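First the structure, in the form of structure tokens, and then the observations on it.
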Amino acid sequence: MKIFVDSAKIDEIEQAYSYNVADGVTTNPTLLKKAVEKLQKKGEKITIEDYIKKILKIAKGTPVSLEVTDSTADGMINQGKMLYKKFNSIANNVVIKIPVNPSFEEEIGKDFDGINAISSLSKEKIPVNCTLIFTPEQALLAAKAGAKYVSPFAGRIDDYIRSQNNISFKKSDYFPMDGWETDEEILEDNGIVSGIDLIAQIVEIFDIYNFKTEVLAASMRNARQVREAALVGAHIATCPYNVIEELLVHYKSQEGMKKFTDDIVPEYAKLITD
Ligand code: E4P
609 MKIFVDSAKI DEIEQAYSYN VADGVTTNPT LLKKAVEKLQ KKGEKITIED YIKKILKIAK
669 GTPVSLEVTD STADGMINQG KMLYKKFNSI ANNVVIKIPV NPSFEEEIGK DFDGINAISS
729 LSKEKIPVNC TLIFTPEQAL LAAKAGAKYV SPFAGRIDDY IRSQNNISFK KSDYFPMDGW
789 ETDEEILEDN GIVSGIDLIA QIVEIFDIYN FKTEVLAASM RNARQVREAA LVGAHIATCP
849 YNVIEELLVH YKSQEGMKKF TDDIVPEYAK LITD
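Going by the numbering used here, 718 is the number at position 110 of the sequence shown; the sequence numbering is gapless.
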């Protein structure tokens with residue numbers, strides 16, 4: 609499974625690439641806003657354009673998702689083309705992020721604008737990462753429209769199931785992949801019992817119909833969820849930097865290191881010292 613860095617912070621992206629375990633980057637407007645505000649607070653003068661160029665160069669050879677901000681088909685197509693034209697020449701790795709359904713609650717008639725935009729950009733060979741996926745059928749339509757990646761938001765499904773059922777939680781809290789069982793039932797959202805279940809169902813459908821579209825597990829909240837995304841066959845997990853760090857931590861590894869270090873005999877240490 610590939611690991612993307614779910615961040616717009618240059619230092620985090622650089623760090624993850626320095627370990628040679630990063631296979632791509634996903635940004636979103638919220639992440640970019642946070643990263644730029646942090647720099648502005650420090651008094652640094654960098655334009656958002658230069659900032660994006662920096663990210664693209666660090667991730668050279670691996671895909672970087674940049675999200676559109678419009679919510680109409682025409683607007684998203686124009687922005688997608690502009691982003692691609694402006695930035696793809698930097699490192700040839702731009703992917704355009706398009707929401708599967710850009711409607712706000714009160715809007716009617718825009719449900720297919722995302723699918724139209726995906727289809728139009730894909731026909732022009734502009735790779736698309738279809739985002740904000742919360743059902744397998746949304747993923748199916750995005751794949752049919754030609755998306756290169758679909759991004760189901762695992763963590764946000766778990767958040768939703770918990771908040772609908774008045775369960776308090778912290779963002780990083782683990783949610784069982786087989787669902788949250790009460791005395792009477794397994795909690796669910798329209799047949800989806802967890803974020804990982806959503807990913808598993810999408811992977812299964814894509815396998816049955818041989819879709820080439822890759823499943824990019826997004827909204828990852830902890831290391832165990834990344835493990836489960838891998839177990840159910842996600843092609844990629846995009847992880848915030850703190851989750852990437854968490855992938856390596858275990859108490860017994862630390863304890864073992866201490867014990868081995870305490871037990872080094874000087875003669876052995878001398879053998880391997882220059
Ligand atoms: C990545 O493409 C998504 O925008 C991101 O994973 C969302 O994560 P969040 O639900 O933690 O905000």
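Cβ atoms here follow ideal geometry from the backbone N, Cα and C, with glycine treated the same way.
Treat the numbers as computed from the prediction; the structure is a model and nothing was measured.
Under the criterion of a Cβ to heavy atom distance below 6 Å, does residue i qualify as lining the ligand E4P?
i, result
"GLY763", "yes"
"ASP614", "yes"
"ALA826", "yes"
"SER759", "yes"
"THR634", "yes"
"THR846", "yes"
May I have the straight-line CA-CA distance separating residue i from residue j, to the nearest angstrom?
i, j, result
"LEU574", "LYS653", "Nothing in the structure corresponds to residue 574, since the chain is present only between 609 and 882."
"GLY722", "LYS649", "35 Å"
"GLU789", "PHE783", "11 Å"
"ASP871", "ILE880", "15 Å"
"ILE716", "PRO710", "11 Å"
"VAL736", "ASP882", "52 Å"
"GLY787", "ASP719", "29 Å"
"VAL676", "SER802", "28 Å"
"MET828", "LYS689", "29 Å"
"ASN830", "ASP766", "12 Å"
"MET609", "THR846", "10 Å"
"GLU732", "PHE819", "19 Å"
Spatial neighbours of residue i within its chain, please: CB distance less than 6 Å, with the 5 preceding and 5 following residues excluded, ordered by chain position.
i, result
"GLU875", "none"
Looking only at its own chain, which residues have a Cβ that is under 8 Å from the Cβ of residue i, when we skip the five neighbours before and after it?
i, result
"PHE814", "ALA747, ALA751, THR821, VAL823"
"ALA643", "SER615, ALA616, LYS617, ILE618, TYR659"
Is any non-hydrogen atom of the ligand FAD found closer than 6 Å to the C-beta of residue i, if you look at the structure I gave you?
i, result
"GLU863", "Ligands present in the displayed structure are limited to the ligand E4P, and the ligand FAD is not among them."
Excluding five sequence neighbours on each side, which residues of the same chain lie with their C-beta closer than 7 Å to the C-beta of residue i?
i, result
"ALA624", "VAL613, ALA630, TYR849, ILE852"
Segment contact flag, the region 772-782 with the region 745-761, C-beta cutoff 8 Å, min 3 pairs: no
Contact between the region 862-878 and the region 824-837 (3+ Cβ pairs under 8 Å): no
Residue ranges of each alpha helix (DSSP H) within the region 838-865, 4 or longer: 849-854
4 or more residues per run - each alpha helix (DSSP H) lying fully within the region 661-742: 681-699, 721-731
Three CB pairs or more closer than 8 Å across the region 657-676 and the region 792-811: no
At least three beta-carbon pairs within less than 8 Å, the region 668-680 to the region 631-643: yes
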